[in-house]
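**Student:** In the working numbering, the protein residues as written are 1190 to 1434. Could you have a look at this structure, given as structure tokens, before my questions?
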Ligand SMILES: C[S@@+](CC[C@H](N)C(=O)[O-])C[C@H]1O[C@@H](n2cnc3c(N)ncnc32)[C@H](O)[C@@H]1O
């Protein structure tokens, strides 16, 4: 069966089985090969976010929502002094994360928690909450709950931060690719159970800003300079900074 990304990465058959499962089961299946796919947030994005957050830290305690195999926990470990926690509902992803990101002597303690981020077991525990590459798994109507959970997990004054790319230019290759992907997923989810929610075009900055403000955050953005500007001068990628007031 064809290799989709690299010879060591998941085959087309493995990806198809994953895509016909629930989100949780799908990631359990993909976990051993997840870091060989483009679905893991690239180091370039992680580095740009870490660089933008350094002047706002250091932070005592950090949380990575939908941590997967631990990409964002690496970032938190650079920024947080006491402890960092990765939370995900896929036991398979957490197993890989545990061996990929151990606690290191002299660094913050690294913890892993299995939970659905729509119902987190944390109240006022963290100073920084981050999330990478996972918001496509939430329907727009689920976002108020998700943002309320991030808000509740933070101490007053704490920061919820995540990168967000500008939408692709209408008519570009990326525009049609995301449009086609979302269309295929809508057909799949209309015809097949369990659903696998993953959409690229459902997280627009303007709506997200309003929803974060309604959840009790003061919202600002920083350009991620490493990704340059669009022809109209706006940044290709931003860091959204939502501070618990
Ligand atoms: C595309 S992966 C991103 C992983 C990692 N953040 C990264 O950037 O490489 C999405 C992750 O979100 C997790 N996830 C999706 N919905 C979730 C939910 N409701 N609660 C907890 N984890 C969830 C999946 O299990 C998966 O590990």
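Using N, Cα and C, we set each Cβ at its ideal position, and we do this for glycine too.
1. How about residue 1322: is its Cβ closer than 7 Å to a heavy atom in ligand 1?
2. Measure from the alpha carbon of residue 1405 to the alpha carbon of each residue in 1236, 1389, 1378, 1335, then state which is nearest.
3. Does the contact criterion of 3 or more C-beta pairs under 8 Å hold for the region 1344-1364 versus the region 1238-1254?
4. According to the neighbour-count rule (16 or more other Cβ atoms, all chains shown, within 10 Å of its Cβ), is residue 1414 buried or exposed?
5. I need the boundaries of the beta strand (DSSP E) containing residue 1325, first residue and last residue.
6. Can you give, in chain order, each stretch of the beta strand (DSSP E) that sits fully within the region 1328-1412 and has at least 3 residues?
7. Nearer than 7 Å: is that true of the beta carbon of residue 1384 relative to any heavy atom of ligand 1?
8. DSSP state of residue 1208, grouped into three classes?
9. Grouping DSSP H, G and I as helix and E and B as strand, with all else coil, what is residue 1309?
10. Does residue 1199 pass the burial test, meaning 16 or more other C-beta atoms within 10 Å, or should it be called exposed?
11. Give me the residue from 1395, 1369, 1402 with the minimum Cα distance to residue 1388.
12. Answer with buried or exposed for residue 1360, where buried requires no fewer than 16 other C-beta atoms within 10 angstroms of its C-beta.
13. Examine chain B for any beta-carbon lying closer than 8 Å to the beta-carbon of residue 1199, and answer yes or no.
14. Quick check on residue 1288: buried or exposed, where buried means 16 or more other Cβ atoms within 10 Å of its Cβ?
15. Buried or exposed: residue 1376, going by 16 or more other Cβ atoms within 10 Å of its Cβ?
16. Should residue 1307 be counted as a contact of ligand 1 given a C-beta to heavy atom distance under 7 Å?
17. Tell me which residue opens and which closes the beta strand (DSSP E) that residue 1426 is part of.
18. Counting Cβ pairs closer than 8 Å, one from the region 1275-1289 and one from the region 1300-1311, do we hit at least three?
19. Closer than 7 Å by C-beta to residue 1159: which residues in its own chain qualify, once you throw out the five before and the five after it? Chain order, please.
20. Grouping DSSP H, G and I as helix and E and B as strand, with all else coil, what is residue 1194?
21. Could you check if residue 1354 belongs to the surroundings of ligand 2, using beta carbon to heavy atom distance under 7 Å?
22. State the Cα-Cα distance for the pair residue 1206 and residue 1194, rounded to the nearest angstrom.
23. Taking residue 1232 as part of the alpha helix (DSSP H), name the residues at either end of that continuous run.
24. DSSP on residue 1251, reduced to helix/strand/coil?
25. Rounded to whole angstroms, what's the CA-CA distance from residue 1429 to residue 1316? Just pull it up for me.
26. Going by the CB atoms, is the gap between residue 1237 and residue 1416 shorter than 8 Å?
**Tutor:** Reading off the structure:
1. Yes, ligand 1 has a heavy atom inside 7 Å of this Cβ.
2. Minimum Cα distance to residue 1405 is reached at 1335.
3. The region 1344-1364 vs the region 1238-1254: in contact.
4. exposed
5. Unbroken run through residue 1325: none, as it is neither H nor E.
6. If you keep only unbroken beta strand (DSSP E) runs of at least 3 residues inside the region 1328-1412, you get 1343-1354, 1406-1412.
7. no
8. Taken through DSSP and simplified to helix, strand or coil, residue 1208 comes out as helix.
9. coil
10. buried
11. 1369
12. exposed
13. In summary, chain B is missing from the structure at hand, where a single protein chain is found.
14. exposed
15. Classification of residue 1376: exposed, given that the 10 Å Cβ count is below 16.
16. At least one heavy atom of ligand 1 falls within 7 Å of the beta-carbon of residue 1307.
17. 1426-1433
18. Result yes; three or more Cβ-Cβ pairs closer than 8 Å.
19. This structure does not reach residue 1159, given that the chain is present from 1190 up to 1434, and the question cannot be answered.
20. coil
21. The model depicted lacks ligand 2 and carries ligand 1 instead.
22. 16 Å
23. 1232-1242
24. strand
25. Residue 1429 and residue 1316 have their alpha carbons spaced roughly 16 Å apart.
26. It is a contact, given that the beta carbons lie within the stated cut-off.
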